[in-house]
Amino acid sequence: MFDFRQLRYFIAVAEELSFTRAAQRLHISQPPLSQQIQSLEQDLGVRLLERNKRNVALTEPGQLFLEQARQILLQADEARHLVSEAAAGFSGQLRLAYTVSVSFHPALPQALLRFGRNAPNVRMQLSEMYTEPQFSALRAGQIDVGFVRNEPAHEADARALRLEVIDREPLLLALPSGHPLATRRRLRMSDVAGQPFVAQPRELAATLYDRLVQLAAKSDFHPQIRQHAQQLTGLLALVSAGIGLALVPTTMRAVRLAGVSYVPLQEPDAHLLLAVASRIDDPSPVLAQFLSTVADLKAARGVPVIAPG
1 MFDFRQLRYF IAVAEELSFT RAAQRLHISQ PPLSQQIQSL EQDLGVRLLE
51 RNKRNVALTE PGQLFLEQAR QILLQADEAR HLVSEAAAGF SGQLRLAYTV
101 SVSFHPALPQ ALLRFGRNAP NVRMQLSEMY TEPQFSALRA GQIDVGFVRN
151 EPAHEADARA LRLEVIDREP LLLALPSGHP LATRRRLRMS DVAGQPFVAQ
201 PRELAATLYD RLVQLAAKSD FHPQIRQHAQ QLTGLLALVS AGIGLALVPT
251 TMRAVRLAGV SYVPLQEPDA HLLLAVASRI DDPSPVLAQF LSTVADLKAA
301 RGVPVIAPG
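And the structure:
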């Protein structure tokens, strides 16, 4: 069976119509070139070239084989390029999940934009998913990477997953604009003890719900949850309606809703984790390329270094 070297030799001779010029072009001597062409013709059982002491010409089968030889080498080069791209993580698929609140954090669009520029041939599959379901989906191999808001609560998840911290985002209180505390520059949780709150259901968004309970407990009260809403934007609508206060990440300031004021909390631990989670044993080059993109983004933004999960 012929090989790629023989195809390259034949193309050179066919294009030059001279063994001497073809040998010079290929940087080899003429005898081995002639031997390889003869071996190719014997393998095919067809004369590809008519040659005499002064002329070389393509036979009709030779003309047909020239086009096929060019296509074979072109396809081989494309295959080599595709394999190289896949091995480097520049092609393939990446299934990425993120919590709703991360939609408002600049890290998500910045990471997607930078990765899209670095690896334009990777097919991205994006989905919204709360943090705990992301951990389960990662372990089950249903997603490759996730933007999460908390560390794994279960030991099995902690052992199987790695966490790369992107940010510890400060938390704010969202208050109705007419609330007596809405004009304060900063608040303590103790300032709103006894006030009604609105929150996402814990079974959907345990991270933010638990942070509210924890911060309130440190100020010796339990928050009165008057109403639930599934989405953070829904919480802000309830705040605007005067139904209660809400604990939200700082990036929710981007949602400018009439009747809602945002006041930072004074407590040093009033923050929400933002991290990228993935399986420790996932060998995917695409995942490695995405995590490298996130690391570069963090370095450019001056975000704290990677922390273990």
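Start counting the sequence shown at 1; every next residue gets the next number (the numbering used here). A virtual CB, placed ideally from N, CA and C, is assigned to each residue, including glycine. Model, not experiment: these values are computed from the prediction.
When the options are compared against residue i, the one with the closest alpha-carbon
i, options, result
"LEU232", "PRO285, LEU172, ALA158, VAL13", "LEU172"
"GLN195", "ALA119, LEU33, PRO176, ASP167", "PRO176"
"PRO264", "GLY178, LEU33, THR183", "THR183"
"MET129", "PRO31, ASP220, VAL294, ALA277", "ALA277"
"ILE166", "ALA111, ALA119, GLN224, MET124", "ALA111"
"ASN121", "PHE290, ARG186, GLY234", "PHE290"
"LEU272", "SER101, ALA69, PHE65", "SER101"
"ALA119", "ALA288, LYS298, ALA299", "ALA288"
"GLU67", "PRO285, GLU164, LEU48", "LEU48"
"VAL248", "PHE197, GLY141, SER219", "PHE197"
"GLN6", "GLY92, ARG70, TYR262, LEU257", "ARG70"
"ASN55", "ALA76, ARG21, ASP77, ILE72", "ARG21"
"LEU236", "ASP77, LEU257, SER219", "LEU257"
"GLN224", "GLN30, ALA156, TYR209", "TYR209"
"GLY45", "LYS53, GLY62, GLN30, ARG186", "GLY62"
"PRO133", "LEU297, ARG202, HIS179, ARG186", "ARG202"
"ARG185", "ASP296, SER29, SER261", "SER261"
"LEU40", "GLU60, HIS179, ALA137, ARG8", "ARG8"
"HIS154", "GLN35, THR131, SER127, LYS218", "THR131"
"ALA57", "GLN35, GLY116, GLU15", "GLU15"
Any non-hydrogen atom of the ligand COA within 7 Å of residue i CB
i, result
"PHE115", "Absence of the ligand COA is noted for the structure shown, with no ligands found whatsoever."
C-beta contact flag for residue i and residue j at 8 Å
i, j, result
"ARG188", "GLU267", "yes"
"ARG162", "ILE280", "yes"
"ARG139", "ALA160", "yes"
"ALA270", "PRO152", "no"
"PHE255", "ALA246", "Note that residue 255 corresponds to Val in the displayed sequence, not to Phe. No, the pair does not count as a contact, with Cβ atoms beyond the cut-off."
"ILE143", "LEU96", "yes"
"LEU33", "LEU26", "yes"
"HIS228", "ALA206", "no"
"VAL286", "LEU74", "no"
"LEU108", "PHE135", "no"
"GLU164", "ALA275", "yes"
Cβ separation of residue i and residue j, assumed to be a contact under 8 Å, to the nearest whole Å
i, j, result
"PHE19", "VAL13", "6 Å"
"PHE104", "MET252", "6 Å"
"ASP191", "LEU181", "6 Å"
"PHE10", "ILE37", "6 Å"
"THR293", "ARG114", "5 Å"
"PHE221", "ALA193", "4 Å"
Exercise. Just list the beta strand (DSSP E) runs in the segment 122-188, keeping only unbroken ones of 3 residues or longer that don't cross its boundaries, in chain order.
Key: The DSSP assignment places 145-148, 161-176 as complete runs of the beta strand (DSSP E) inside the segment 122-188, in order along the chain (cut-off: 3 residues).
Self-check item: Length at least 3, wholly inside the segment 52-76: the beta strand (DSSP E) runs in chain order
Solution: 56-58
Quiz item: Which runs of the beta strand (DSSP E) spanning at least 3 residues fall entirely within the segment 205-245, listed in chain order?
Solution: 224-228
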